[in-house]
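There are 4 protein chains.
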Amino acid sequence: MSFNTFGRVFRFTTWGESHGPALGVVIDGCPPGIPLTEKDIQPFMDARRPGQSKYTTQRQEADQVRILSGVFANDEGVQVTTGTPIHLMIENTDQRSKDYSEIAKAYRPGHADYTYDAKYGIRDYRGGGRSSARETAARVAAGAVARAIIPEVKITAFVCEIGGDKIDRDAINLDEITQNPFFCPDSWAAKRWEQIVDGARKSGSSLGAVVECVADGVPAGWGAPIYAKLDSELASAMMTINATKGVEIGDGFEAARLTGEQNADAMTPDENGKPVYASNHAGGTAGGISTGQPVVCRVAFKPTSSILTPVDSITSDGDATQVRTKGRHDPCVGIRGTPVVEAMMALVLADQKLLHRAQTGGE
Amino acid sequence: MSFNTFGRVFRFTTWGESHGPALGVVIDGCPPGIPLTEKDIQPFMDARRPGQSKYTTQRQEADQVRILSGVFANDEGVQVTTGTPIHLMIENTDQRSKDYSEIAKAYRPGHADYTYDAKYGIRDYRGGGRSSARETAARVAAGAVARAIIPEVKITAFVCEIGGDKIDRDAINLDEITQNPFFCPDSWAAKRWEQIVDGARKSGSSLGAVVECVADGVPAGWGAPIYAKLDSELASAMMTINATKGVEIGDGFEAARLTGEQNADAMTPDENGKPVYASNHAGGTAGGISTGQPVVCRVAFKPTSSILTPVDSITSDGDATQVRTKGRHDPCVGIRGTPVVEAMMALVLADQKLLHRAQTGGE
Amino acid sequence: MSFNTFGRVFRFTTWGESHGPALGVVIDGCPPGIPLTEKDIQPFMDARRPGQSKYTTQRQEADQVRILSGVFANDEGVQVTTGTPIHLMIENTDQRSKDYSEIAKAYRPGHADYTYDAKYGIRDYRGGGRSSARETAARVAAGAVARAIIPEVKITAFVCEIGGDKIDRDAINLDEITQNPFFCPDSWAAKRWEQIVDGARKSGSSLGAVVECVADGVPAGWGAPIYAKLDSELASAMMTINATKGVEIGDGFEAARLTGEQNADAMTPDENGKPVYASNHAGGTAGGISTGQPVVCRVAFKPTSSILTPVDSITSDGDATQVRTKGRHDPCVGIRGTPVVEAMMALVLADQKLLHRAQTGGE
Amino acid sequence: MSFNTFGRVFRFTTWGESHGPALGVVIDGCPPGIPLTEKDIQPFMDARRPGQSKYTTQRQEADQVRILSGVFANDEGVQVTTGTPIHLMIENTDQRSKDYSEIAKAYRPGHADYTYDAKYGIRDYRGGGRSSARETAARVAAGAVARAIIPEVKITAFVCEIGGDKIDRDAINLDEITQNPFFCPDSWAAKRWEQIVDGARKSGSSLGAVVECVADGVPAGWGAPIYAKLDSELASAMMTINATKGVEIGDGFEAARLTGEQNADAMTPDENGKPVYASNHAGGTAGGISTGQPVVCRVAFKPTSSILTPVDSITSDGDATQVRTKGRHDPCVGIRGTPVVEAMMALVLADQKLLHRAQTGGE
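Residue numbers (UniProt numbering), protein chains in the order written: chain A, 1 to 363; chain B, 1 to 363; chain C, 1 to 363; chain D, 1 to 363.
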């Protein structure tokens, strides 16, 4: 089966292949009356856009979003959402399909080439077709709309580790994130990564990364137990991003190494009797519902599978071959995954906000 | 919102609280003609059942499953599924509600007490009510049905780490898993864990754990890109289990520390032209679709939040208090999470098998 | 496929066969804090309950509902919903399975015997198994919960036609509905129907009926275009009831015979500028959204297929046979369908109210 | 809420307003390997296309469909579906927005103007915006894809009644349907309708219609009881079409006037032991599952609400006004509804076929 819709009440459906004429997303269930123009979306597209530094793929895409439905000028002449489906479309402009002619028959290891053929019996091999990370452009566009639904929440993602080299958590400065090509909040780490990533790029190798995402301002009460817990929706959302292999909430796997005492997030009441937490090991959720603390999520990206070193593989005819990928690829796909992680966080939270409102009337 | 249904085609819906009269699960979309009696389900219940060793909660539950619908004797007199909803019910027999009277008003840190109140304005505080791990009994029952749909798949979960102490992967012997109270495949580690877990139990502390689950025999082609990828469905499923904080597929976060060369799973053709893999860093998926290799998933469980050490907390009236939990709790909830992880793997795979069949006609 | 869940946000899932040990319904997404005891549900069960007059089946069922989850005493000691799944169970007490032994092999024309076998390859033939109208007991129970979510709405269903004999619309008196065994609002029609239905009963024949349902108090704005319009959700809901063959909103098929002028529902403003309608041909919806007028729906029930006259049929072995049904059946199944129609109206409206709130925040 | 997706496994999502730049549909879950080009879709678009006779709206739309994703050339060079989302887009070319300036503030009675405002607080008033029947162009495009999934089924819809004037059922000749502008299978009725419809057109009035749709070749076994019965899915699908007010399966409301004997569809075995039916009162379903007989459905369309006669109405400011519609409207919207009814039948059946295959493996 293919299943290209995400969300319960605030839902989006993406379509499009890497080298087709365009790709897009239909957003359904968006509240009406929210100001929305293409200018509100474009900055998020630009953050994800390829070809902006030598550390990411040199594919050049304008990634201009067009809003084709679901908005109208209100009485004040401001273009707002109408509550009907919002279709966002992005044309593919730089599709060098010839780059991919060699892989029409040979399966690139680590890519979805073999599995798409095994499942569907046919695939659009150009640039990975539907399995290309290019699909994430549609999510980033949808994420911009989702953010408008949750103005109370501030979402920030950054790369906290590349090739095993971690940031110094005491050196985190969120203002740094936009000052380097790695979405890195630690200026020293960013310096080191220049060398590490450039080395991988030059040698035709690739590196993995870990992206952390923090959502500040989520009120207590969002989440839909048992099978749409905030944690599980986030895990599901993040694991749909290309090249992801792991998701953690709060301390994640590290929590498995703590004792109950170490892991406890003690609470004391503030002047209104609301909890003030001494720590946030839990990452902002308990029982699948937000606690009022920042929601913290970490996502592991594997190294890009496209490398210059030949790897043993097979052809669609079942013969042995070797594959080395010569396309314009990211040496570290996790970097450009950062805006996508932010978008998925926004999309999950917007959906949960509306779900919560449906059942309880609360915000 | 509450959302208590999981699955796309093979769906299940659970109901019930820890200290209500009973709990259960309605399974919908199950293929007809599958032999199913209570005897087929009970062994899985017994594996999860509490009170079996000093390393788990001393709550005593018979956990007898009753099949209340969806089965009928076929022409040969064998009781089989009829394709209609299967309701499995388990009565709660050992509900010492008095144990929980103290926490009616005081929020246990790390538990869902505060968040359920924040969300719903009311909660059944007895034993955690709906947020209790007792709910997982219903999933284990459903998982037994799911297994019958995927006889080609063998699912094995085991604990690979408790309190930071890992098994020796070279010493893994799956036959060991049932020979110790920890679902541990490494007999030496099991010996060590006796001391570690008993120490935590005696001191009223608790420990985290990591559970690994392997599904052998999954054919290439299962998974529903982009938003119901095999990986994301597994991540979602696992993160709905109580106390989970992280999920990995294949090498998971470790993959983020490898180079593209190290992470590559080289393929060579077998005599039928099907791929033979040199390694399984990917954990059996590519592009969200199974590769034909074993599907490998790891789940992080935090230490049980119920500990004897007092922790600062607040009351439902917003006053400061301290909470120490005196109930009959698991010193390491990850242990009993193991059969639940197995069940969720089975439930996801059964759903994906039917979804795949719907779209492609293939198995 | 089987698909036993209805609703988008306020969802219910039914299970159980006619002659199994019990049947029930799991309600998910119910708002918390709503007073709910078995006493609130039972009157609706009693209205649907068989065996109350000679005009309906003589099967005797106590139809006692038990609430097994999802409620708890609030601070004032009132039992209220907690927002978690509500499981309602009804035991089957009068199951004369022997009555059905003859039809184990012979397909009753007009019943689902043949189609269930064609679809599933097996069926619980006792009393129709899953296809029995007994399943509607679960809906009526769920409907009682739905009503509590929409206290602003008053739902009334009545039989407006039996065997082609219609009520006099000028003689409608809603107080009459509970005064006769036909849910008939016209006392003269009720008198006539005594003879008509009794005649059918005595001769072993059966009659069709039309049930009308009116929901007063639905505010303007409920409905989820385009594919969950209020009209389409109602049509879907009503057509899931056993023996239904048609659904109309407002003037329905009669509207197809009117001109645009005749069919127009003129509006004038009230003192608040809200519309006052001159007529309600539309039945309370426009564009799939409620207009603020009463929502009016009519449902056609075919005559019960179980009749004493032998009808040509086939056996499960493919041989010719004749079937006459000797069980305890309703001569006019539409009568007991009336409370079910009411329940489905309530279930659709409750769902739409919550959906509307999710997107717009409005009630 | 807005809900713009239909289907369970074979799902489609429409977007677009009447006077926006374009409209479209994303089809998800389509089986791979099905030949599909724009040429396969266009004939169905042309059948629905406006401006083809004086009996329908004079809006001129090319209704050229573009396939923007989900297809690729197979090894033989034939363009086939790939199993990924298929996006079909249709540009709006003849949007005379000025026609609608008057209704920006005045609510047209019978239209969704008031209800969209009541629900969303804003609407695209140009041509009805999202509530325009123009949305059905997207469905007809999707329906063409659905037909390719069910080649065993032949779907034929026709108008059986306009303004209360019915066809002679003995005179039905399906070859006639394409020979007149009314999709009328009775050449004499078509003659009469010329006068009737032209009269309504000239006087600025409008007429209702009834459309009948027959699906031949549906095997026994399709349908998903209890809440996605074939009947209820059809009723839901048909009632989402603009201007529909009623749906019948088989004899529909007429069945409510028959006795059990009259309504019985007797069966005798054919040489393979399969049933041969003496009649088809049931319209091809029993218990919500197809019987193997033709599936028969009838849909009531109200008269177009846009008429030249002034009707009392209100403005968005709550003032009294009168509305007469001068746009280019259909005097009988049911005529152009005919291809839409066919499309919805195809879309429901394709979904049910895949659902059936998911659970049972059968076709």
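Glycine included, C-beta positions come from ideal geometry on N, C-alpha and C.
Which residues of chain A have a Cβ atom closer than 8 Å to the Cβ of residue i, listed in chain order?
i: glutamine 359(C); result: Val9, Gly29, Cys30, Pro31, Pro32, Gly83, Leu354
Taking the alpha-carbon positions, what's the residue i to residue j distance?
i: glutamate 135(A); j: tyrosine 116(B); result: 36 Å
i: serine 53(D); j: asparagine 92(D); result: 20 Å
i: valine 71(A); j: proline 21(D); result: 12 Å
i: asparagine 173(D); j: methionine 344(D); result: 23 Å
i: threonine 268(C); j: tyrosine 277(C); result: 7 Å
i: glycine 318(A); j: alanine 106(A); result: 9 Å
i: residue 365(B); j: glycine 252(A); result: Since the first residue of chain B shown is 1 and the last is 363, residue 365(B) is not available in this structure.
i: arginine 201(D); j: serine 306(D); result: 11 Å
i: glutamate 212(D); j: glycine 334(C); result: 25 Å
i: aspartate 312(D); j: aspartate 175(C); result: 34 Å
i: cysteine 332(A); j: phenylalanine 158(A); result: 14 Å
i: serine 131(D); j: aspartate 113(D); result: 8 Å
i: threonine 84(C); j: proline 35(C); result: 14 Å
i: tyrosine 227(B); j: threonine 240(A); result: 6 Å
i: threonine 82(A); j: arginine 123(D); result: 6 Å
Any C-beta of chain C sitting closer than 8 Å to the C-beta of residue i?
i: threonine 13(B); result: yes
i: arginine 257(D); result: yes
i: aspartate 46(D); result: no
i: threonine 93(B); result: no
i: proline 21(B); result: yes
i: phenylalanine 253(D); result: yes
From which residue to which residue does the beta strand (DSSP E) around residue i run?
i: lysine 245(B); result: 244-249
i: arginine 298(B); result: 295-301
Which residues in chain C have a C-beta closer than 9 Å to the C-beta of residue i? List them in chain order.
i: threonine 315(B); result: Residues of chain C passing the Cβ test: none, with the nearest at roughly 13 Å.
Within the continuous alpha helix (DSSP H) that includes residue i, where are the two ends?
i: lysine 202(A); result: 187-202
i: aspartate 113(D); result: 113-120
i: arginine 357(A); result: 333-360
i: threonine 268(A); result: Unbroken run through threonine 268(A) is the beta strand (DSSP E), 267-269; no alpha helix (DSSP H).
i: alanine 104(B); result: Element bounds for alanine 104(B): n/a, residue is neither H nor E.
Of all the CB atoms in chain B, is at least one closer than 8 Å to the CB of residue i?
i: valine 211(C); result: no
i: proline 109(A); result: yes
i: lysine 154(A); result: no
i: arginine 139(C); result: no
i: arginine 130(A); result: yes
i: isoleucine 103(A); result: no
Check whether the Cβ of residue i lies closer than 8 Å to any Cβ atom in chain A.
i: proline 35(D); result: no
i: alanine 106(D); result: no
i: leucine 347(D); result: no
Run down chain B in chain order and give the residues with a C-beta less than 7 Å from the C-beta of residue i.
i: asparagine 74(C); result: Ile122
i: asparagine 4(A); result: Ile226, Tyr227
Can you find a CB in chain D that lies within less than 8 Å of the CB of residue i?
i: methionine 267(C); result: yes
i: glutamate 342(A); result: no
Note down, in chain order, every chain F residue with its Cβ under 7 Å from the Cβ of residue i.
i: phenylalanine 301(B); result: In the displayed structure, chain F is absent; the protein chains listed are A, B, C and D.
So residue i and residue j are in contact, right, with Cβ under 8 Å, and what is the actual spacing, rounded?
i: phenylalanine 301(A); j: glycine 250(A); result: Not really, about 19 Å apart at Cβ, beyond 8 Å.
For residue i, go through chain D and note every residue whose CB falls closer than 7 Å to its CB, in chain order.
i: proline 275(C); result: Tyr114, Ile314
Under 8 Å Cβ-Cβ, which residues of chain B neighbour residue i?
i: isoleucine 289(A); result: Ala112, Thr115, Tyr116, Ala118, Lys119
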